[in-house]
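Chemist: Numbering (full-length UniProt numbering), first residue to last: 1 to 358. We put the beta carbon where it would ideally sit given N, CA and C, even for glycine. From a predicted model like this one, the values you see are computed outputs, not experimental measurements.
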């Protein structure tokens with residue numbers, strides 16, 4: 001596998017190998033075949049290439065999702081894969097005062113502002129992946145005293161933002177012959193599945209097998225092993241192994257398959273997180289592996305072509321487990337930074353990759 005650094009290094013590498021790069025649009029909307037990269041060798045052998053932009057853990061950030069959608073045509077990707085977590089972490093109340101001003105506590109600071117600054121504050125909150133809600137003091141007291149009401153409002157806001165994202169993806173990408181696969185992660189409530197299934201363009205990849213192109217099958221597991229935060233889709237390792245096995249049986253060509261599993265394999269270097277104390281305070285000096293042993297076992301057993309993972313934001317990297325190349329692009333959603341990895345696939349191998357951010 002050759003690693004390439006952005007576009008220039010990639011083109012130089014191809015010249016050295018005597019190959020010539022061009023794009024070809026394939027007919028057949030019904031089969032959803034996308035334009036792909038091809039290479040012509042000195043022996044006139046045509047080698048098909050598929051370019052993937054893989055991103056994970058956007059956690060509700062408007063900026064990061066929009067950057068992802070905009071980056072797909074810029075990087076000439078054939079396929080976009082967004083592997084949960086899609087949901088933000090918090091509701092952020094913006095309380096309207098009797099005098100017409102507003103007040104909100106956000107990122108440890110309390111802000112008082114006028115009507116003219118309301119939309120700007122909403123935008124700042126949304127960039128960080130949170131959900132602004134405008135309420136009176138009485139409405140806020142009612143919400144805070146009713147956990148069920150708070151949960152319902154939270155899920156409604158998650159779904160509303162995701163609906164807007166699906167619409168944006170359809171508007172920006174439908175006529176560009178780019179396939180877009182999106183799946184939930186362990187943080188995402190089950191209620192978002194209806195939104196993910198609502199589009200005739202965006203493909204909900206979760207818990208099924210899909211073809212990303214003519215050759216490569218992909219199975220997607222949104223779940224994770226247990227975490228300290230009791231998230232919606234975390235399960236014991238034994239159950240996670242059962243879920244993986246239920247999907248693996250549908251794969252016809254394992255040597256070209258992709259395991260799109262939200263949680264990374266245990267002790268792979270893609271799963272290093274700060275050690276937590278009993279009160280969940282993260283260590284500043286000690287990192288420990290927190291990935292899934294079931295995922296590691298499945299990769300070692302089946303040796304797919306590639307593993308795509310996320311979940312552990314600070315553990316960006318690439319590793320090999322046997323013949324399988326595994327990636328974690330990392331996440332800096334809170335700063336509005338898109339983190340991704342561009343991957344070029346030939347029929348039988350990962351040709352090249354490059355981590356990108358913006």
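Do residue 309 and residue 264 come within 8 Å of each other at the CB atom, strictly closer than that value?
Modeler: Taking the chain shown and counting its residues from 1, the one referred to as residue 264 is at position 264. Taking the chain shown and counting its residues from 1, the one referred to as residue 309 is at position 309. Contact flag set, yes.
Chemist: Between the C-alpha atoms of residue 254 and residue 302, what's the straight-line distance to the nearest angstrom?
Modeler: Against the chain shown, residue 254 aligns to sequence position 254. Against the chain shown, residue 302 aligns to sequence position 302. Going by the C-alpha atoms only, they are around 7 Å apart.
Chemist: In angstroms with no decimal places, state the Cα-to-Cα distance between residue 60 and residue 152.
Modeler: As a first step, residue 60 must be located in the chain shown, where it is residue number 60. As a first step, residue 152 must be located in the chain shown, where it is residue number 152. Each residue's Cα considered, the two are about 17 Å apart.
Chemist: From the DSSP output, in three-state form, read off residue 93 for me.
Modeler: As a working mapping, residue 93 is identified with position 93 in the chain shown. Strand, per DSSP.
Chemist: By the 10 Å Cβ neighbour count, where 16 or more other Cβ atoms means buried, how is residue 344 classified, buried or exposed?
Modeler: By 1-based counting over the chain shown, the position of residue 344 is 344. By the neighbour-count rule (16 or more Cβ atoms within 10 Å), residue 344 is buried.
Chemist: Just reading off the beta strand (DSSP E) that residue 181 is part of, what are its end residues?
Modeler: As a working mapping, residue 181 is identified with position 181 in the chain shown. Run containing residue 181: 179 to 183, per the beta strand (DSSP E) assignment.
Chemist: I need the DSSP call for residue 217, collapsed to helix, strand or coil.
Modeler: For the purposes of this step, residue 217 is taken as residue 217 along the chain shown, with counting starting at 1. Residue 217 falls in the strand class under three-state DSSP.
Chemist: Can you name the start and end residues of the beta strand (DSSP E) that residue 283 belongs to?
Modeler: For the purposes of this step, residue 283 is taken as the residue at position 283 of the chain shown. Per DSSP, residue 283 belongs to the beta strand (DSSP E) from 282 to 289.
Chemist: Using 8 Å as the cut-off, can you tell me whether the stretch 53 to 72 makes contact with the stretch 281 to 294, which would need three or more C-beta pairs spanning the two stretches below that distance?
Modeler: Short answer: they don't touch.
Chemist: Would residue 80 and residue 181 qualify as a contact pair, given that the criterion is a beta-carbon distance under 8 Å?
Modeler: In the chain shown, residue 80 corresponds to position 80, counting from 1. In the chain shown, residue 181 corresponds to position 181, counting from 1. Yes, Cβ-Cβ distance for residue 80 and residue 181 is below 8 Å.
Chemist: Under the assumption that residue 51 contacts residue 76 (Cβ atoms under 8 Å), give the Cβ distance between them as a whole number of angstroms.
Modeler: Locating residue 51 in the chain shown gives position 51, where the first residue counts as 1. Locating residue 76 in the chain shown gives position 76, where the first residue counts as 1. Yes, residue 51 and residue 76 are in contact; Cβ-Cβ is about 6 Å, under 8 Å.
Chemist: In chain order, what residues of the same chain have a beta carbon less than 6 Å from the beta carbon of residue 298, not counting five sequence neighbours either side?
Modeler: Counting from 1 along the chain shown, the entry for residue 298 is found at position 298. Only 244 meet the Cβ criterion.
Chemist: Can you give the Cα-Cα distance for residue 268 and residue 179, rounded to whole angstroms?
Modeler: Translated into positions along the chain shown, residue 268 becomes position 268. Translated into positions along the chain shown, residue 179 becomes position 179. Spanning the two alpha carbons is a distance of roughly 29 Å.
Chemist: Indicate, with yes or no, if the ligand ADP has a heavy atom lying under 7 Å from the CB of residue 266.
Modeler: The ligand ADP is not part of this structure, which contains no ligands at all.
Chemist: How should residue 230 be labelled, buried or exposed, when 16 other C-beta atoms within 10 angstroms of its C-beta is the threshold for buried?
Modeler: Stepping through the chain shown from its first residue, residue 230 is reached at position 230. Residue 230 counts as exposed, since fewer than 16 other C-beta atoms from the protein chains shown sit within 10 angstroms of its C-beta.
Chemist: Taking DSSP as the reference, what is the three-state secondary structure of residue 172?
Modeler: Position 172 of the chain shown, counted from the first residue, corresponds to residue 172. In this structure, residue 172 counts as helix in the three-state DSSP scheme.
Chemist: Sorted by chain position, which residues of the same chain lie with C-beta nearer than 8 Å to residue 191's C-beta, five sequence neighbours on each side aside?
Modeler: Here residue 191 refers to the residue found at position 191 of the chain shown. Cβ neighbours of residue 191 beyond the five flanking positions: 155, 158 and 159.
Chemist: When the Cα atoms are used, what is the spatial distance from residue 29 to residue 145?
Modeler: Residue numbering aside, residue 29 sits at position 29 when the chain shown is read from its first letter. Residue numbering aside, residue 145 sits at position 145 when the chain shown is read from its first letter. Here the model assigns residue 29 a pLDDT of 26, short of 50, so the residue's position is not dependable, and the following value carries that caveat. Answer to the nearest angstrom: the Cα atoms are 52 Å apart.
Chemist: Just tell me which of 348, 273 and 55 has its CA closest to the CA of residue 312.
Modeler: Mapped onto the chain shown, residue 312 falls at position 312. Closest by alpha carbon: 273.
Chemist: If we count Cβ pairs, one from each stretch, closer than 8 Å, do we get three or more for the stretch 163 to 177 versus the stretch 186 to 206?
Modeler: yes
Chemist: Out of curiosity, what's the CA-to-CA distance linking residue 96 and residue 233?
Modeler: Within the chain shown, the letter at position 96 stands for residue 96. Within the chain shown, the letter at position 233 stands for residue 233. Cα to Cα, residue 96 sits roughly 36 Å from residue 233.
Chemist: On the CB-based measure, 16 or more other CB atoms within 10 Å of its CB, does residue 78 come out buried or exposed?
Modeler: If you number the chain shown from 1, residue 78 lands on position 78. By the 16-neighbour rule on beta-carbons within 10 angstroms, residue 78 is buried.
Chemist: Could you give the distance in angstroms between the alpha-carbon of residue 127 and the alpha-carbon of residue 113?
Modeler: Counted from its first residue, the chain shown places residue 127 at position 127. Counted from its first residue, the chain shown places residue 113 at position 113. When rounded, the distance between both Cα atoms is 18 Å.
Chemist: So if DSSP puts residue 353 in a beta bridge, which residue, or which two residues, is it bridged to?
Modeler: Looking up residue 353 in the chain shown gives position 353. Its beta-bridge partners are 343.
Chemist: My output table needs one value for residue 106: the three-state DSSP class, helix, strand or coil.
Modeler: What you label residue 106 is simply residue 106 of the chain shown in a count that begins at 1. Residue 106: strand per DSSP, three-state reduction.
Chemist: Can you tell which of 288, 276 and 305 has its C-alpha closest to the C-alpha of residue 257?
Modeler: As a working note, residue 257 is residue 257 in the chain shown. Among 288, 276 and 305, the Cα nearest to that of residue 257 belongs to 305.
Chemist: Find out if the Cβ-Cβ distance for the pair residue 228, residue 186 is shorter than 8 Å.
Modeler: Translated into the one-based positions of the chain shown, residue 228 becomes position 228. Translated into the one-based positions of the chain shown, residue 186 becomes position 186. Cβ distance not < 8 Å, so residue 228 and residue 186 don't count as in contact.
Chemist: Give me the DSSP bridge partner(s) of residue 73.
Modeler: Position 73 of the chain shown, counting from 1, holds the residue named residue 73. According to DSSP, which records beta bridges pairwise, residue 73 is partnered with nothing at all.
Chemist: Please work out which residues of its chain come closer than 6 Å, Cβ to Cβ, to residue 220, disregarding the five sequence neighbours upstream and downstream, and give them in chain order.
Modeler: Taking the chain shown and counting its residues from 1, the one referred to as residue 220 is at position 220. Hits under 6 Å: 183, 205, 206 and 260.
Chemist: Determine the contact status of residue 329 and residue 55, defining contact as a CB-CB distance below 8 Å.
Modeler: By 1-based counting over the chain shown, the position of residue 329 is 329. By 1-based counting over the chain shown, the position of residue 55 is 55. Against a cut-off of 8 Å, the Cβ pair of residue 55 and residue 329 comes out as a contact.
Chemist: Give a yes or no on whether the C-beta atoms belonging to residue 129 and residue 333 are separated by under 8 Å.
Modeler: Counted from its first residue, the chain shown places residue 129 at position 129. Counted from its first residue, the chain shown places residue 333 at position 333. Yes. Within cutoff.
Chemist: Can you tell me whether residue 136 is buried or exposed, with buried defined as 16 or more other CB within 10 angstroms of its CB?
Modeler: Indexing the chain shown from 1 puts residue 136 at position 136. With fewer than 16 Cβ atoms within 10 Å of its Cβ, residue 136 is classed as exposed.
Chemist: What residue ranges within the stretch 190 to 238 form continuous beta strand (DSSP E) runs of no fewer than 3 residues, ordered along the chain?
Modeler: 209 to 211 and 217 to 221
Chemist: What is the DSSP secondary structure of residue 159, reduced to helix, strand or coil?
Modeler: By 1-based counting over the chain shown, the position of residue 159 is 159. Shown here, residue 159 sits in a helix according to DSSP, grouped into three states.
Chemist: So, residue 121 versus residue 94, is the Cβ gap smaller than 8 Å?
Modeler: Counting from one through the chain shown, the residue named residue 121 turns up at place 121. Counting from one through the chain shown, the residue named residue 94 turns up at place 94. Yes, they are a contact pair.
Chemist: Using only the alpha-carbon positions, how far apart do residue 27 and residue 119 sit?
Modeler: Position 27 of the chain shown, counting from 1, holds the residue named residue 27. Position 119 of the chain shown, counting from 1, holds the residue named residue 119. Note that residue 27 has pLDDT 29, beneath the 50 cutoff, so the model's placement of it is unreliable and the number below is only indicative. The straight-line gap from Cα to Cα measures roughly 44 Å.
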